[in-house]
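Asker:
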Amino acid sequence: MVYYFSFRVIQNNIGDMLNGLGLGLFIAVISLFFGIILGLIAAFAAVSSNRALNNIATWYTAFFRNTPLLVLIFIVYFGLPSVGIMMGRNVSFIFTLSFYAGAYMTEVFRAGLQAIPKGIIEAGQAIGLSRFNIRRYIQLPIMFRYVLPSMSNYLISLFKDTSLAASITVPELTYFARKLNVETFRVFEAWLTAAFLYVVTCYLIAYLLRKLERKLRIE
Amino acid sequence: MNMVTATFFAIIIGTTLGILFGFILCYGNKYVKFPFRLYVDFIRGIPILVTIFSIYYILGFLLSRVGINLTNLQSGIIALSALSTAQVAEITRGALQSIPKGQIEAGKTIGLSFDKIFVFILFPQAIAQIIPPWINTATEMTKGSTLLSLIGVPELLLTAHQLVATNTRALLYYMFIGLIFFLVNTLIQRFGKFLEKKASF
Amino acid sequence: MTDLLLKINNLKKWYGTNKVFEDVCLEVRPKEVVSIIGSSGSGKTTLLRCIILLEEFQGGSIILDGKEIGYHIVNGKRKRHSEKVISSQRILTGMVFQSFNLFPHLTALKNVVLGLIKVKHMDKSEAEKIGIKLLERVGLGEKIHSYPSKLSGGQQQRVAIARAIAMNPKIMLFDEVTSALDPELIGEVLNVIKQLAEDGTTMLIVTHEMRFAYEVSDKVVFMDAGRIADVGTPQEIFIEKKLPRLKEFLSTFNV
């Protein structure tokens with residue numbers, strides 16, 4: 529059983545892999561950003577008194593959380609063109625992941641909003657704040673403080689989900705790992721490096737976010 | 038059909054091993070815990086797809102050296118099981134740890150040995166806490182089975198994808214697949230709520 | 032008659048099939064301090080909440096400073112005002128809640144000035160000047176930059192009072208503001224309210240603090256099972272206790 533583990537192979541390809549890693553992070557952050565916006569809109573729709581809005585929000589969340597991400601990716605990238613909507617692969621993936629993230633965020637935000645004691649909202653009404661102002665200056669700031677830990681954890685999860693971009697040949701880390709594997713048959717180098725990079729990045733993000741949380745708590 | 042097999046085995050194996058691992062993670066001593074901790078953290082730290090590819094390629098490579106050839110489906114099942122084991126282990130560990138220590142002590146005072154304490158006192162209480170996240174894992178396995186299409190396992194998504202290549206109604210096909218998964222998962226969720234009700238007191 | 036600040040006519044409120052109160056009539060003159068006492072469930076809190084328009088009511092009217100608030104007649108039908116109008120009417124009343132309800136993410140000062148800046152569109156520095164003065168008036172000049180979580184219950188309630196006063200309402204409503212406080216903290220809040228009374232603030236106070244009600248009120252209202260059962264001076268209500276129900280109720284307070 530002879531297998532020469534070659535660091536040279538890793539060396540030659542680390543550039544590509546790191547680029548892929550960077551792209552993955554970038555995609556994760558952008559998707560989280562859009563996901564937050566979508567999540568906010570849907571969360572307010574979910575708690576509003578309008579029955580129709582409630583239903584739309586519920587269906588949105590249910591659909592995107594119960595359908596496999598890969599199917600969603602295919603629907604957007606392969607399916608939409610057949611009705612005339614074409615997108616480049618990167619854009620398509622970010623689009624899909626944003627809606628996917630938005631569905632998760634909706635749940636998080638909705639729970640956060642509902643956790644705010646009613647009395648505080650009434651206090652806002654009692655001093656004459658408009659509904660919009662209550663949302664903006666009271667509900668949102670309080671909700672964000674509640675959900676910050678979940679949001680930062682989700683970034684890590686989202687980052688791991690970016691690996692699925694490889695299925696539509698987005699030049700992400702997983703794509704390069706597979707390419708390396710298929711072209712050179714160097715199974716260990718390819719996948720152990722990829723795995724290592726992912727794990728380390730996840731730990732780093734977790735560590736940084738925990739530090740950030742501690743800083744924000746001192747108020 | 039492969040999708041069902043894959044998911045099914047992944048859940049079964051994952052749950053059994055996962056509970057065992059979780060038990061070890063909760064009650065084991067430092068040295069015993071360590072390799073399991075490493076395993077769980079590692080698997081949960083890398084994307085599912087990477088796990089699937091790694092197992093497929095690396096295990097495939099290693100085993101072919103000793104003459105065993107795994108089918109794509111088998112590698113897929115191993116990979117998914119590995120993931121579900123790690124998830125269930127974490128869930129079980131959390132649930133077991135949240136049971137007040139007093140329960141163990143109470144069991145000891147009436148003379149029960151630890152294994153009996155676990156089976157009759159600890160585990161029944163842990164079950165209620167394990168079920169909701171476990172349903173989540175089950176859902177994830179169903180969704181994860183689609184990833185097996187990327188290692189060539191002929192399942193629902195791959196079949197649709199191949200059909201689509203010869204068809205212009207791509208969107209409908211994919212949305213239909215999506216709908217199927219959506220329904221399956223929704224059913225699983227309902228089942229989960231049902232289990233939850235039965236398990237709580 | 033025309034110098035009444037608040038006039039409530041035959042107010043009626045139902046909650047589903049439950050009658051909360053009925054035929055409630057009340058008159059409050061400027062600078063008057065009125066206490067409302069009664070057992071829980073008698074509708075006292077709901078009455079206050081109707082005045083500040085946090086609750087709807089099905090019958091009767093509330094006339095504040097000569098204008099009817101909350102509802103108006105449109106095409107012969109009684110309709111509730113739009114959110115926008117309701118918001119503007121709410122600042123005519125100030126409310127202090129039993130559970131303080133301070134905004135946890137804002138400092139004491141910011142709690143007090145939020146309404147001034149966002150509703151009255153005051154300039155920030157001007158608003159803060161007013162806010163600081165008010166907080167000093169309730170004895171919290173040193174805590175203006177503290178967050179609610181760092182303040183005791185009594186201090187939080189005093190900030191809540193300052194927040195309500197800041198909007199310069201025509202009438203202040205106090206809803207059992209000491210019921211959620213530890214006994215040793217009740218005094219500081221009651222002192223602030225007493226001070227406000229001496230400064231001429233018109234107030235409607237729902238309370239269980241009978242001695243305090245006796246000392247500070249011009250008029251006392253006794254509510255029982257959704258109706259106003261008795262109205263009188265503190266002397267009439269607490270000392271003479273003519274109504275048997277009133278006597279019964281007060282006996283539980285060891286007054």
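The listed protein sequences correspond, in order, to chains A, B and C. Residue numbers for the first sequence, in my numbering: 529 to 747. Residue numbers for the second sequence, in my numbering: 38 to 238. Residue numbers for the third sequence, in my numbering: 32 to 286. Glycine is no exception: its CB is placed at the ideal position from the N, C-alpha and C atoms. Quick caveat, the model's predicted, so the values are computed rather than measured.
#1: To the nearest angstrom, how far is it from the Cα of S620 of chain A to the Cα of F218 of chain B?
#2: What's the gap between the Cα of L686 of chain A and the Cα of T697 of chain A?
#3: At a Cβ cut of 7 Å, what residues of the region 650–675 of chain A count as close to chain C, listed as they run along the chain?
#4: Around the Cβ of R536 of chain A, are there at least 16 other Cβ atoms within 10 angstroms (buried) or fewer (exposed)?
#5: If we ignore side chains and look at the alpha-carbon of each, how far apart do H198 of chain B and Y211 of chain B end up?
#6: Would you give the residue range spanned by the alpha helix (DSSP H) that M633 of chain A belongs to?
#7: P275 of chain C: which of C:T264, C:P265, C:F284, C:A260 sits nearest, CA to CA?
#8: For A126 of chain B, would you say it is in contact with chain A, using Cβ-to-Cβ distances shorter than 7 Å as the test?
#9: Heavy atom of the ligand FAD less than 6 Å from the Cβ of K75 of chain C, yes or no?
#10: Check the Cβ-Cβ distances between K180 of chain B and every residue of chain A, and say whether any is below 7 Å.
#11: Mind reading off the beta-carbon distance from K44 of chain C to T77 of chain C? Whole number of angstroms is fine, and I expect it under 8 Å.
#12: Put S29 of chain C into one of helix, strand or coil per three-state DSSP.
#13: Taking the alpha-carbon of T129 of chain B as reference, which of B:G113, B:F90, B:G51, B:T176 has the nearest alpha-carbon?
#14: Tell me, please, whether the CB atom of I648 of chain A is closer than 7 Å to any CB atom in chain C?
#15: Mapping DSSP to helix, strand and coil, what is M198 of chain C?
#16: From Q162 of chain B to V575 of chain A, what distance separates their C-alpha atoms?
#17: With a threshold of 8 Å, are at least 3 pairs of Cβ atoms found where one atom belongs to the region 565–582 of chain A and the other to the region 647–657 of chain A?
#18: Within the chosen definition, does the region 106–121 of chain B reach the region 87–94 of chain B through at least 3 CB pairs nearer than 8 Å?
#19: Strictly under 7 Å for the Cβ-Cβ distance: is S118 of chain C near chain A by that measure?
#20: Anything in chain B within Cβ reach of L608 of chain A, meaning under 7 Å, just list it in chain order.
#21: Between the alpha carbons of Q642 of chain A and L566 of chain A, how many angstroms are there, rounded?
#22: Taking only three categories from DSSP, how would you classify I68 of chain C?
#23: Does DSSP put V103 of chain B in a helix, in a strand, or in coil?
#24: Go through its chain and collect everything with a Cβ distance to V715 of chain A's Cβ below 8 Å, but skip five positions before and after it.
#25: Return the chain-ordered list of same chain residues with a C-beta closer than 6 Å to the C-beta of R593 of chain A, the five sequence neighbours on each side being excluded.
#26: Who does I93 of chain C pair with in a DSSP beta bridge?
#27: Just the Cα atoms here: how many angstroms apart are W171 of chain B and L159 of chain B?
#28: If I follow the unbroken beta strand (DSSP E) through V54 of chain C, where does it start and stop?
#29: For E86 of chain C, which residues of its own chain have a beta-carbon under 8 Å away from its beta-carbon, when the five flanking residues on both sides are left out?
#30: For Q129 of chain C, I'd like the list of residues in its chain whose CB is within less than 7 Å of its CB, leaving aside the five on either flank, ordered along the chain.
#31: For a minimum of 4 consecutive residues, which ranges assigned as the alpha helix (DSSP H) are wholly contained in the region 41–82 of chain B?
#32: Just by C-beta distance, which residues in the region 687–699 of chain A are closer than 9 Å to chain B?
#33: Residues in the same chain with beta-carbon distance under 6 Å from K225 of chain C, minus the five sequence neighbours each way, listed in chain order, please.
#34: Please report the Cβ distance between L676 of chain A and E741 of chain A, rounded to the nearest whole angstrom; I am assuming they are in contact, meaning their Cβ atoms lie under 8 Å.
#35: What residues of chain A sit near I202 of chain C, judged by a beta carbon separation below 9 Å?
#36: Quick one: Cα of G656 of chain A to Cα of T233 of chain C, how far?
Answerer: Taking the geometry as given:
#1: The count along the first sequence starts at 1 and reaches residue 620 of chain A at position 92. The count along the second sequence starts at 1 and reaches residue 218 of chain B at position 181. When rounded, the separation of the alpha-carbon atoms in S620 of chain A and F218 of chain B is 21 Å.
#2: Counted from its first residue, the first sequence places residue 686 of chain A at position 158. Counted from its first residue, the first sequence places residue 697 of chain A at position 169. One alpha carbon belongs to L686 of chain A, the other to T697 of chain A, and they sit about 18 Å apart.
#3: Listed in chain order, the positions of the region 650–675 of chain A with a beta carbon within less than 7 Å of a beta carbon of chain C are E650, A651, Q653, A654, I655, G656, L657, S658, R659, N661, Y665, I666, P669, I670, R673.
#4: What you label residue 536 of chain A is simply residue 8 of the first sequence in a count that begins at 1. So R536 of chain A counts as exposed.
#5: Mapped onto the second sequence, residue 198 of chain B falls at position 161. Mapped onto the second sequence, residue 211 of chain B falls at position 174. Inter-residue distance for H198 of chain B and Y211 of chain B is about 8 Å (C-alpha atoms, whole angstroms).
#6: Start at 1 with the first residue of the first sequence, and residue 633 of chain A comes out as number 105. Note, M633 of chain A: alpha helix (DSSP H), 617–642.
#7: For this step, residue 275 of chain C is matched to residue 244 along the third sequence. Checked all of C:T264, C:P265, C:F284, C:A260; the closest Cα to P275 of chain C is C:A260.
#8: Mapped onto the second sequence, residue 126 of chain B falls at position 89. Not one chain A Cβ lies under 7 Å of A126 of chain B.
#9: The ligand content of the structure shown is nil, which means the ligand FAD is not present either.
#10: The residue labelled residue 180 of chain B in the question sits at position 143 within the second sequence. Yes - at least one Cβ of chain A is within 7 Å of the one on K180 of chain B.
#11: In the third sequence, counting from the first residue as 1, residue 44 of chain C sits at position 13. In the third sequence, counting from the first residue as 1, residue 77 of chain C sits at position 46. Confirmed, Cβ separation roughly 6 Å.
#12: Any answer about residue 29 of chain C is impossible in this case: the structure gives chain C only from 32 up to 286.
#13: In the second sequence, counting from the first residue as 1, residue 129 of chain B sits at position 92. In this structure, B:G51 is the residue among B:G113, B:F90, B:G51, B:T176 with its C-alpha nearest to the C-alpha of T129 of chain B.
#14: Reading the first sequence from its first residue, position 120 is the one you call residue 648 of chain A. Closer than 7 Å to some Cβ of chain C, the Cβ of I648 of chain A qualifies, so yes.
#15: Against the third sequence, residue 198 of chain C aligns to sequence position 167. In the structure shown, the three-state DSSP call for M198 of chain C is coil.
#16: In the second sequence, the residue the question calls residue 162 of chain B occupies position 125. In the first sequence, the residue the question calls residue 575 of chain A occupies position 47. Going by C-alpha positions, Q162 of chain B is about 33 Å away from V575 of chain A.
#17: Judged by pairs of C-beta atoms under 8 Å, the region 565–582 of chain A does not touch the region 647–657 of chain A, as fewer than three such pairs exist.
#18: Taking 8 Å as the limit for Cβ pairs, the verdict is that the region 87–94 of chain B does touch the region 106–121 of chain B.
#19: Position 87 of the third sequence, counted from the first residue, corresponds to residue 118 of chain C. Yes, because at least one Cβ of chain A sits closer than 7 Å to the Cβ of S118 of chain C.
#20: As a working note, residue 608 of chain A is residue 80 in the first sequence. Neighbours of L608 of chain A on chain B, chain order: L208.
#21: Residue 642 of chain A sits at position 114 when you count from the first residue of the first sequence. Residue 566 of chain A sits at position 38 when you count from the first residue of the first sequence. As the crow flies, the alpha-carbon of Q642 of chain A is around 18 Å from that of L566 of chain A.
#22: In the third sequence, counting from the first residue as 1, residue 68 of chain C sits at position 37. DSSP places I68 of chain C in strand when its eight states are reduced to three.
#23: Within the second sequence, numbered from 1, the residue matching residue 103 of chain B stands at position 66. Looking at V103 of chain B - three-state DSSP - the assignment turns out to be coil, as it is neither helix nor strand.
#24: The residue labelled residue 715 of chain A in the question sits at position 187 within the first sequence. These residues qualify, in order along the chain: N709.
#25: For the purposes of this step, residue 593 of chain A is taken as residue 65 along the first sequence, with counting starting at 1. Residues A631 of the same chain have their beta carbon placed closer than 6 Å to that of R593 of chain A, with the five preceding and five following residues left out of the count.
#26: For the purposes of this step, residue 93 of chain C is identified with residue 62 of the third sequence, where counting begins at 1. Bridge pairing for I93 of chain C: C:I39, C:I100 [DSSP].
#27: Here residue 171 of chain B is taken as the residue at index 134 of the second sequence, counted from 1. Here residue 159 of chain B is taken as the residue at index 122 of the second sequence, counted from 1. W171 of chain B and L159 of chain B: Cα-Cα distance of roughly 18 Å.
#28: Along the third sequence, read from residue 1 onward, the residue named residue 54 of chain C stands at position 23. This sequence places Asp at residue 54 of chain C; Val is not what is there. Where D54 of chain C is concerned, the enclosing beta strand (DSSP E) stretches over 49–59.
#29: Reading the third sequence from its first residue, position 55 is the one you call residue 86 of chain C. Cβ contact annotation for E86 of chain C (same chain, cutoff 8 Å, sequence separation greater than five): K44, T77, R80, in chain order.
#30: Counted from its first residue, the third sequence places residue 129 of chain C at position 98. Cβ within range, chain order: D206, E207, V208, S210, A211.
#31: For secondary structure counted as the alpha helix (DSSP H) over 4 or more consecutive residues, the region 41–82 of chain B holds these complete runs in sequence order: 67–82.
#32: Of all residues in the region 687–699 of chain A, F687, K688, D689, T690, S691, L692, A694, S695 have a Cβ within less than 9 Å of some Cβ in chain B.
#33: Mapped onto the third sequence, residue 225 of chain C falls at position 194. So the qualifying residues of the chain are V247.
#34: Here residue 676 of chain A is taken as the residue at index 148 of the first sequence, counted from 1. Here residue 741 of chain A is taken as the residue at index 213 of the first sequence, counted from 1. Indeed they touch by this definition, with Cβ atoms about 7 Å apart.
#35: Along the third sequence, read from residue 1 onward, the residue named residue 202 of chain C stands at position 171. For I202 of chain C, no chain A residue has a Cβ inside 9 Å of its Cβ, as the nearest lies near 13 Å away.
#36: Position 128 of the first sequence holds residue 656 of chain A. Position 202 of the third sequence holds residue 233 of chain C. For G656 of chain A and T233 of chain C, the distance between alpha carbons rounds to 19 Å.
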